[in-house]
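Residue numbers (the working numbering): 23 to 408.
Every residue gets a Cβ at the ideal spot worked out from N, C-alpha and C, and that includes glycine.
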């Protein structure tokens, strides 16, 4: 009898302690999220025009002072060129020398200044050509597969690739550098940094700033970004303003070298772009003082990668439940694809010259004014014409 009583007391204490721990944990997480506020500058991006590209498979492949280049996820050789001045769209068919249809599995187009590149997602093949001519020819590179390739000079590239991660049998993402007409491959196996696994915990967007000669790597499933120099050394590790820094990610192999998550998880940072020293992160996390729900706007948080600090946020509003496919910007414009529509936005003049973090508070939209509903997003609602 006495033994049963002791056992009952022990079980009761254990259950009560578990409940207390869970309540404390939940309370802590709830408090952390409630303390998460954005500093809004809604006038940062003003909508110029919305263009209908007729299909939802487009993405921003490049951007210049006059043109927006729109790639097609279904057919990489199909290119749309949006002339902002003339407000018209031209369709171009890219000719690829020495290629067959099978070599374009999961391929991706990137327009970079006077050149364009077609990267094959399945094979170690890269094609390059000149804008205006739209003829792509194979580039002689080492036999290494890569999911991301970034041109650094006329003959060198940064890449993200997969390597074996040891006894687990699961691949790990790492960063590297390669050169044309050379079989040498340099890899930094420490970047990006792994958490529980090297496959999903290292998913993210890899970007490059020519002005600063720095890379950024923004993680998908945690509130963190890395600043990396051109030798692929870690320069800075910083957190985004979202509260979640770690998630339980359990990879499940579908077939050889292809994995999925065994259980649902939360994407923190959808994507990112880098302009000079400014990192633009498309966030997937709500805040207490949000102007609009995420289903109605693309929320972008902006960071100074030299200072390693969050500066401000803005959002691109759309009237319909459209999926945000991609965005890209330079120092005067930002273009984004929502479903089958391209939104072209004008940015505040000389914004990159200002130290936006040091502006007077009366020039910023504080969390108080945002909560009171005194904020207009993008100045006006987008007009979508069928």
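So, with DSSP's three-state summary, where would you put residue 234? In the structure shown, residue 234 sits in coil (DSSP, three-state: anything other than H, G, I, E or B).
Going by the beta-carbon positions, is the gap between residue 337 and residue 301 smaller than 9 Å? Inclusion of residue 337 and residue 301 in the CB contact set at 9 Å is not warranted, their separation being larger than that value.
Go through its chain and collect everything with a Cβ distance to residue 223's Cβ below 7 Å, but skip five positions before and after it. For residue 223, where only same-chain residues beyond five positions count, the Cβ hits under 7 Å are 216, 217, 243 and 271.
Residue 64 (DSSP reduced to helix, strand or coil): Looking at residue 64 - three-state DSSP - the assignment turns out to be helix.
How big is the Cα-Cα spacing for residue 94 and residue 129? One Cα belongs to residue 94, the other to residue 129, and the distance between them is close to 10 Å.
If you drop the 5 nearest sequence neighbours on each side, which residues of the same chain put their C-beta closer than 7 Å to that of residue 326? Non-local C-beta neighbours of residue 326 in its own chain, meaning closer than 7 Å and more than five positions away in sequence, comprise 299, 300, 333 and 379, ordered along the chain.
Would the beta-carbon of residue 245 fall within 9 Å of that of residue 266? Pairing residue 245 with residue 266 gives a Cβ-Cβ distance under 9 Å.
Rounding to the nearest angstrom, what Cα-Cα distance links residue 176 and residue 312 in this structure? One Cα belongs to residue 176, the other to residue 312, and the distance between them is close to 44 Å.
Starting from residue 424, trace the beta strand (DSSP E) in both directions and tell me its first and last residue. Because the chain here runs from 23 to 408, residue 424 falls outside it and cannot be looked at.
Closest by C-alpha distance to residue 62, when choosing among 87, 146 and 322: Answer by Cα proximity: 322.
For residue 79 versus residue 65, is the C-beta spacing smaller than 9 Å? A distance of 9 Å or more separates the beta carbons of residue 79 and residue 65.
Beta carbon of residue 411 nearer than 9 Å to that of residue 103: Residue 411 lies beyond the stretch modelled for the chain, which goes from 23 to 408, so this question has no answer here.
With a 10 Å radius around its C-beta and 16 neighbouring C-beta atoms as the bar for buried, classify residue 162 as buried or exposed. Sixteen is the threshold: since fewer than 16 other Cβ atoms of the shown chains lie within 10 Å of the Cβ of residue 162, the residue is exposed.
Do residue 350 and residue 140 come within 9 Å of each other at the CB atom, strictly closer than that value? Contact flag unset, no.
Can you tell which of 262, 260 and 238 has its C-alpha closest to the C-alpha of residue 252? It is 238.
Got a sec, what are the start and stop residues for the beta strand (DSSP E) residue 210 sits in? Unbroken beta strand (DSSP E) run through residue 210: 207-210.
Proximity winner among 369, 365 and 375, relative to residue 75 (alpha-carbon distances): For the residues 369, 365 and 375, the minimum Cα distance to residue 75 belongs to 365.
So what does DSSP say about residue 115, is it helix, strand or coil? Residue 115: strand per DSSP, three-state reduction.
Let's test the definition: count the other Cβ atoms within 10 Å of the Cβ of residue 335 and tell me whether it reaches 16, buried, or not, exposed. So residue 335 counts as buried.
Inter-residue CB distance, residue 85 and residue 358 (contact presumed, cutoff 8 Å): So it is not a contact: roughly 11 Å between Cβ atoms.
Alpha carbon to alpha carbon, how far is residue 105 from residue 89? Give it in angstroms, no decimals. Distance from the CA atom of residue 89 to the CA atom of residue 105, rounded to whole angstroms, is 5 Å.
Measuring alpha carbon to alpha carbon, tell me which residue in 59, 60, 316 and 70 is nearest residue 367. Selected option, being the one with the closest Cα: 70.
Would you kindly report the start and end of the unbroken beta strand (DSSP E) that includes residue 358? Counting along the chain, the beta strand (DSSP E) containing residue 358 begins and ends at 355-360.
Separation of residue 186 from residue 226, as counted between CA atoms: CA-to-CA, the gap between residue 226 and residue 186 works out to about 19 Å.
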